[in-house]
Structures are given as structure tokens and as C-alpha cells.
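A.B. asks:
Residue numbers (this note's numbering): 1142 to 1431.
1) Can you tell me the Cα-Cα spacing of residue 1328 and residue 1170, whole angstroms?
2) Hey, quick one: how far does the alpha helix (DSSP H) through residue 1180 stretch, first residue to last?
3) Would you mind reading off the limits of the alpha helix (DSSP H) that contains residue 1389?
4) Output the boundary residues of the beta strand (DSSP E) element that contains residue 1148.
5) So, helix, strand or coil for residue 1204, using DSSP?
6) Checking the sheet assignment: what are the DSSP bridge partners for residue 1341?
7) Quick one: does residue 1258 have its CB under 9 Å from some CB of chain C?
8) CB-CB under 7 Å to residue 1302, same chain, minus the five flanking residues each way: which ones, in chain order?
9) What does DSSP give as the partner residues of residue 1152 in its beta bridges?
10) Should residue 1264 and residue 1280 be called a contact, given that it needs their Cβ atoms to be closer than 9 Å?
11) Is residue 1216 helix, strand or coil by DSSP?
12) When burial is assigned at 16 or more other CB atoms within 10 Å of the CB, is residue 1350 buried or exposed?
13) Given residue 1249, which residues of its chain have a CB within under 7 Å of its CB, disregarding the five upstream and five downstream residues?
14) Whose C-alpha, out of 1160, 1146 and 1149, is nearest the C-alpha of residue 1353?
15) Pairing CB atoms from the region 1171–1190 with CB atoms from the region 1209–1217, are three or more of them under 8 Å?
16) Could you name the residues of the same chain whose beta carbon sits closer than 7 Å to that of residue 1252, not counting the 5 residues immediately before and after it, in chain order?
17) Is the beta carbon of residue 1143 less than 9 Å from the beta carbon of residue 1176?
18) With 16 other CB atoms within 10 Å as the buried threshold, where does residue 1440 fall?
19) Starting from the Cα of residue 1163, find the closest Cα among 1245, 1145, 1214 and 1314 and give me that residue.
20) So for residue 1245, helix, strand or coil by DSSP?
21) Could you give the C-beta distance for residue 1305 and residue 1189, rounded to a whole number, given that I count them as a contact under 8 Å?
22) Which residues share a DSSP beta bridge with residue 1159?
23) My parser needs the alpha helix (DSSP H) runs of 4 or more residues fully inside the region 1302–1371; what are they?
24) What span of residues does the alpha helix (DSSP H) with residue 1291 cover, start to end?
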């Protein structure tokens, strides 16, 4: 199995294994699917953190309005009255005005937060350092855990316009958002290795050879974005260590220059003929004019 270290730009994303005879058409879709799946888990975790703090989403026509404006316009949050968290709610106003402020109690909040941490750990970039490959099954497991936690805390479900429910139902609308720009369409995903595009009409082995123990760094791009930046010759950490070494070496040479004093050579212990003169009895001879 060839080990692929997938990056987006200079940032590590995850590790993935694939046989050398894998069609690059299939591999490109697989990498894009895992990449987009991780983004979905991250979006869900972010929204669920807000759910734990401030309750469910307000109707679109009530978001950003003050209490006086809502009362004046006679607007009503019908779904908010139905979607009550298990064990009752605790009011915590959302200063942004996106959620209704009916937060779950502390016990239910901890259920959500613990599940969020576990899901984040599954798709974390730290898995690269731990040499753990991320598969689509792992991404689905993280999604299932998040879905289960929401069902425990909100057995009546969430409003149809709540972004968490829309994510679970794959109805999310990311147009015009930064999150939408990060998503890569499976049909337009391109893989690059060693400054070369891995063409979908070929196999992985056509580029990396038949050695199944090969490890390569591939970068995923959206078609039309051009070639990604090449990998640096040395890593940033190695560069820091190299700079530190040269700085220490420079300081050491500077100290040696300052201590370059040869007056010690006039000392008696530095005279390499002292022993010879001692045995000849010509030690400390002084010449005086008569």
C-alpha cells in the first residue's frame, strides 16, 4: 500500500493508504471525499458548540433582531417552543442574535461537548504525527457520533432551518461563505506530486513505481487553481535548528577571536628548551658589561 500524506497548500490534512494499481480517477474522488468529510465534521462541531451554549437556531426572519423589534413585528419562534432540550433549558442570551438562548442544562451540555471532542480527535491533523490513516469510515463514524449526541439532547429534533440539521441531511447551503470556498468538488479534484499533476487517466503506479512501501506527499487542488507551491527543501523546524546552529557557531567564533592573546607564550612554562638548559647548567644566565 502506498502511503499518501495529503496536504492543502502547505498545511497537512491527513494520511491515506492506496494500492499502487489504483486508478487516479478513483483515488482523486476518494481523497476529495475524505477531505470534504473532515470539513463537514469541523463545521458541525463549530455549530454544535454554539448549540450547547445558546440553544437552537432562530427562524431566518428573526435573526439579528432585538426583543423589542420581535415584539413589534409580532414574530414567533414556533420551532423553538417544540425543540426543548432533554432535562429542560437554561436561558443564555446569544449576543450575535442567531440562536434563541434556550441552552441545554449542564449535564446535556457535557454530552454535546464530550462528543465534539471525540469527533475532532478522529479527524484531527495530529493523526498525521501519530501515523494514523484517516478513512471515510472514520469520518462517517464521527458524523454518526455527532448525530447521536444531538438526538440524545434534542429528542424532538432540530428546526429544518438549523444548520446542524441541514448538515446531517446534506442540505447545507455554503454559497458565499468561506466554508464553501474550502470545499473541493469531487469531479474537479486534482492531485499533485513532485510538481506534477497526477492525471486521472493513469494509475498511481505510473508515477510512483511498483514499490508498495512508498510514501509520497500529495497536494489536493480544485481544477483551474493552477499548480500548488512546491514543498520546501527542508522543513520549517529543520530550518530553525539550522539557523540556531549557525548562530551558536558564530558566537563561538567571536569569543575565540576575542581570546586570541599569545602573551602567554612568554611564560616560563611555555619554553620548550627549559629542560635542556636545566641539565646543561645554563639556567638563568645573565650577561653584564664589565
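Beta carbons are placed, not taken as given, at the ideal position from N, Cα and C, and that holds for glycine.
C.D. replies: Put simply:
1) The C-alpha of residue 1170 is placed about 7 Å away from the C-alpha of residue 1328.
2) That run of the alpha helix (DSSP H) goes 1165–1195.
3) It spans 1377–1399 - the alpha helix (DSSP H) in which residue 1389 sits, taken as one unbroken run.
4) 1143–1149 is the extent of the beta strand (DSSP E) around residue 1148.
5) Residue 1204 falls in the coil class under three-state DSSP.
6) Beta-bridge annotation (DSSP): residue 1341 is not paired with any residue.
7) Absent from the structure is chain C; it holds one protein chain and no more.
8) Within the same chain, residue 1302 has close Cβ partners 1198, 1200 and 1201.
9) The partner list for residue 1152 (beta bridge, DSSP) reads 1149.
10) Yes, the pair counts as a contact, with Cβ atoms nearer than the cut-off.
11) Assignment of residue 1216 by DSSP, reduced to helix, strand and coil, places it in the coil class.
12) Here residue 1350 is exposed, its C-beta having fewer than 16 other C-beta atoms within 10 Å.
13) Taken in chain order, the residues that qualify are 1226, 1227, 1228 and 1294.
14) Of 1160, 1146 and 1149, the residue nearest in Cα terms is 1160.
15) No, the region 1171–1190 does not touch the region 1209–1217.
16) Cβ contact annotation for residue 1252 (same chain, cutoff 7 Å, sequence separation greater than five): 1290, 1293 and 1294, in chain order.
17) Their beta carbons are not under 9 Å apart, which means residue 1143 does not touch residue 1176 by this criterion.
18) Outside the shown range of the chain (1142 to 1431) lies residue 1440, about which nothing can therefore be said.
19) Comparing alpha carbon positions, the residue from 1245, 1145, 1214 and 1314 closest to residue 1163 is 1145.
20) If DSSP states are grouped into helix, strand and coil, residue 1245 belongs with the strands.
21) Their Cβ separation, rounded to whole angstroms, is 6 Å, which keeps residue 1305 and residue 1189 in contact under 8 Å.
22) By DSSP's assignment, residue 1159 forms a beta bridge with 1143.
23) Taking only runs of at least 4 residues, the alpha helix (DSSP H) segments lying wholly in the region 1302–1371 are 1304–1309, 1319–1323 and 1346–1349.
24) From DSSP, the alpha helix (DSSP H) with residue 1291 extends over 1277–1294.
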